[in-house]
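Colleague: Below is one structure. I have some questions about it.
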Amino acid sequence: MKISMQINGQSHVVELTDEYTPLLWVIRDMLGLKGTKFGCGKAACGACTLHVDGEAVRSCSYPVKFADGKEITTIEGLGDATNPHPVQQAWIEEIVPQCGYCQPGFMMATAALLDKIPNPTDEEIDDNIINVCRCGTYYRMRKAIHLAAEKQSALKTTNEPTNS
Amino acid sequence: MKTKSYILILFLLMAGFVLASMYTPSESDYVSVPPSKKNSETPSDVAFHKMMDVLTHPRCVNCHPNDHVPKQGIEGDPHDFGMSRGENNLGFEATKCTTCHQTENNPYSGVPGAPHWSLAPHSMQWQGLDRFEIAASMMDTERNGGRTPEDILHHLTEDKLVLWAFHPGVDAKGEPREVPPVSKEDYIKAVEAWFENGHVIPSN
Ligand code: FES
Ligand code: FES
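Those protein sequences? They're chains X and G, same order as listed. Going by the working numbering, the first residue of the first sequence is number 20, and it counts up by one from there. Going by the working numbering, the first residue of the second sequence is number -1, and it counts up by one from there.
In structure tokens:
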């Protein structure tokens, strides 16, 4: 079967025989976008989190057939070194990663959270950011999430059109 | 003659005691009669119990918790990762049921899925109730979201999320999940029969 998707703003058409192939496999192995990680393959760790039509999804457990016609954003599409997303910038400033393996998934989950709740409380962070970090960087992540919220709302205020 | 009779009765009594004391009943000598096999039951009662054999199964009760936490597995364990019903029974704002659960079972990851995967609203809590209480709750418009008997019949026999119980897929180890003790066809027939007969809940 043929699957058409927009990935990070670019159209992609892939052809597969198994419609249950995880989206993660397609993103990493067919399209070479290696930022999204494989951790558990059971929707348990969140390393593979990306966005499908703006919603956080665990791509290891997302059959590619459901991605047909959808807009996918991976960590590569969130921002880059010259133009980082507020979440990525906050992650840099708080020096969050240790080994780094889990971090793209956490950043994607955080970006989805800030889209829904621009200034999350600690409780809202605990509810929504339930990925797993084997290096235990949770403390720095929490600081980075609050910093990212500040940065994102500052950016929104700057970009908002004035009435004058 | 009278004395002989007394001796004979006494002998028989003693023999009876000796034989009785030699016999120790074991648990397997008793057959418990399931509710659906009671002699006095009407066809409606039989249908009721067959339906409730399914509705009391963890495949159904796990999504009708008495708190805000979905349950999982045959033991009805709290859902992993601290997931909860959230504002609208669909999980939290950014991490929702659909972050992991899609509209079909996932044969590779073992994550179960069905259309509109979600928890039953809190008023529809069944966990901890017996079959009679569950049925009463299910038919009570105060607790069932104002549903009519027709709505309930539809939910029980046609809702894909409910019927998922009979096709629950494999778990994270690739092992098939346990299904309710009645086949889907027999369950649907029983539900229809119970509603046709006036959806009477038998006395406990
Ligand atoms: S790799 Fe997808 S959740 Fe762990
Ligand atoms: S930084 Fe190593 S697993 Fe999270």
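Just so you know, even glycine gets a beta-carbon here, dropped at the ideal spot from N, CA and C. These numbers come from a predicted model, not from an experiment.
Please tell me whether, using a cut-off of 6 Å, the distance from the CB of A92/G to the nearest non-hydrogen atom of ligand 1 is below it.
Modeller: For the purposes of this step, residue 92/G is identified with residue 94 of the second sequence, where counting begins at 1. No; taking the cut-off as 6 Å, the Cβ of A92/G has no heavy atom of ligand 1 nearer than that.
Colleague: Quick check: the Cα distance between Y120/X and K56/X, rounded to an integer number of angstroms?
Modeller: Taking the first residue of the first sequence as 1, we reach residue 120/X at position 101. Taking the first residue of the first sequence as 1, we reach residue 56/X at position 37. Rounded to the nearest angstrom, the two C-alpha atoms are 7 Å apart.
Colleague: At a cut-off of 6 Å, is R77/X close to ligand 1 when judged by its beta-carbon and the heavy atoms of the ligand?
Modeller: Against the first sequence, residue 77/X aligns to sequence position 58. It does: the Cβ of R77/X is within 6 Å (strictly closer) of some heavy atom of ligand 1.
Colleague: Can you find the residues in the same chain that come closer than 6 Å, C-beta to C-beta, to Q171/X, ignoring five residues on each side of it along the sequence?
Modeller: Counting from one through the first sequence, the residue named residue 171/X turns up at place 152. Once the five neighbours on either side are set aside, the close Cβ partners of Q171/X are P105 and L133.
Colleague: Which runs of the alpha helix (DSSP H) at least 4 residues long sit entirely within the stretch 34 to 118 of chain G? Give them in chain order.
Modeller: With a minimum length of 4 residues, the continuous alpha helix (DSSP H) runs that stay inside the stretch 34 to 118 of chain G are 41 to 53, 56 to 59 and 95 to 98.
Colleague: DSSP on P23/G, reduced to helix/strand/coil?
Modeller: As a working note, residue 23/G is residue 25 in the second sequence. Residue confidence for P23/G is low, a pLDDT of 48 falling below 50, so the modelled location carries little weight; the figure read from the coordinates is stated next. In the structure shown, P23/G sits in coil (DSSP, three-state: anything other than H, G, I, E or B).
Colleague: Within 7 Å of any Cβ in chain G, is that where the Cβ of R159/X sits?
Modeller: Here residue 159/X is taken as the residue at index 140 of the first sequence, counted from 1. Taking Cβ atoms only, chain G never reaches closer than 7 Å to R159/X, which makes this a no.
Colleague: Would you say V59/G and V180/G are within 7 Å of each other, going by their C-beta atoms?
Modeller: By 1-based counting over the second sequence, the position of residue 59/G is 61. By 1-based counting over the second sequence, the position of residue 180/G is 182. It is not a contact, given that the beta carbons lie outside the stated cut-off.
Colleague: Could you name the residues of chain G that C79/X contacts, counting a contact when the two beta carbons are closer than 8 Å?
Modeller: The residue labelled residue 79/X in the question sits at position 60 within the first sequence. Simply S107.
Colleague: Measure the alpha-carbon distance for S30/X versus K84/X and round it to whole angstroms.
Modeller: As a first step, residue 30/X must be located in the first sequence, where it is residue number 11. As a first step, residue 84/X must be located in the first sequence, where it is residue number 65. Taking the straight line from one Cα to the other gives about 16 Å.
Colleague: Is T68/X a contact residue of ligand 2, with contact defined as CB to any heavy atom under 6 Å?
Modeller: For this step, residue 68/X is matched to residue 49 along the first sequence. Checking every heavy atom of ligand 2 against the Cβ of T68/X, none is found closer than 6 Å.
Colleague: Beta-carbon distances below 6 Å to any heavy atom of ligand 2 define the shell here; list its residues in chain order, please.
Modeller: Selection output, chain order preserved: P116/X, Q117/X, C118/X, G119/X, Y120/X, C121/X, Q122/X, C152/X, R153/X, C154/X and T156/X.
Colleague: In whole angstroms, what separates the C-alpha of C95/G from that of K21/X?
Modeller: In the second sequence, the residue the question calls residue 95/G occupies position 97. In the first sequence, the residue the question calls residue 21/X occupies position 2. About 27 Å.
Colleague: According to the neighbour-count rule (16 or more other Cβ atoms, all chains shown, within 10 Å of its Cβ), is V160/G buried or exposed?
Modeller: Counted from its first residue, the second sequence places residue 160/G at position 162. With 16 or more Cβ atoms within 10 Å of its Cβ, V160/G is classed as buried.
Colleague: Leaving out five residues on either side along the sequence, give the residues of the same chain with a beta carbon under 7 Å from the beta carbon of L10/X.
Modeller: With chain X covering 20 to 183 only, the question about residue 10/X has no answer from this structure.
Colleague: Quick check: I149/X and T93/G, are their CB atoms within less than 7 Å of each other?
Modeller: The residue you call residue 149/X lines up with position 130 of the first sequence. The residue you call residue 93/G lines up with position 95 of the second sequence. Result yes, Cβ atoms of I149/X and T93/G sit closer than 7 Å.
Colleague: From the DSSP output, in three-state form, read off L69/X for me.
Modeller: Looking up residue 69/X in the first sequence gives position 50. Reduced to three states, the DSSP call for L69/X is strand.
Colleague: Just list the residues that DSSP pairs S30/X with in beta bridges.
Modeller: Reading the first sequence from its first residue, position 11 is the one you call residue 30/X. DSSP output for S30/X lists Q25/X as bridge partner(s).
Colleague: If you measure between the beta carbons of A163/G and R57/G, is that distance less than 7 Å?
Modeller: Sequence index remark: in the second sequence, residue 163/G carries index 165 (1-based). Sequence index remark: in the second sequence, residue 57/G carries index 59 (1-based). Yes.
Colleague: Going along chain X in order, which residues have a C-beta closer than 7 Å to the C-beta of N87/G?
Modeller: Taking the first residue of the second sequence as 1, we reach residue 87/G at position 89. Result: empty, since nearest Cβ-Cβ is about 14 Å, beyond 7 Å.
Colleague: Taking 7 Å as the threshold (beta carbon to beta carbon), is I144/X in contact with chain G?
Modeller: Stepping through the first sequence from its first residue, residue 144/X is reached at position 125. No, I144/X lies away from the interface with chain G (no Cβ there is under 7 Å from its Cβ).
Colleague: Using a threshold of 6 Å, is the CB atom of F130/G nearer than that to any non-hydrogen atom of ligand 1?
Modeller: Here residue 130/G is taken as the residue at index 132 of the second sequence, counted from 1. F130/G: no, Cβ never under 6 Å from ligand 1.
Colleague: Between I111/X and P103/X, how many whole angstroms is the CB-CB distance? I'm expecting something under 8 Å.
Modeller: Here residue 111/X refers to the residue found at position 92 when the first sequence is read from its first residue. Here residue 103/X refers to the residue found at position 84 when the first sequence is read from its first residue. The pair is a contact, with the Cβ atoms about 7 Å apart (cut-off 8 Å).
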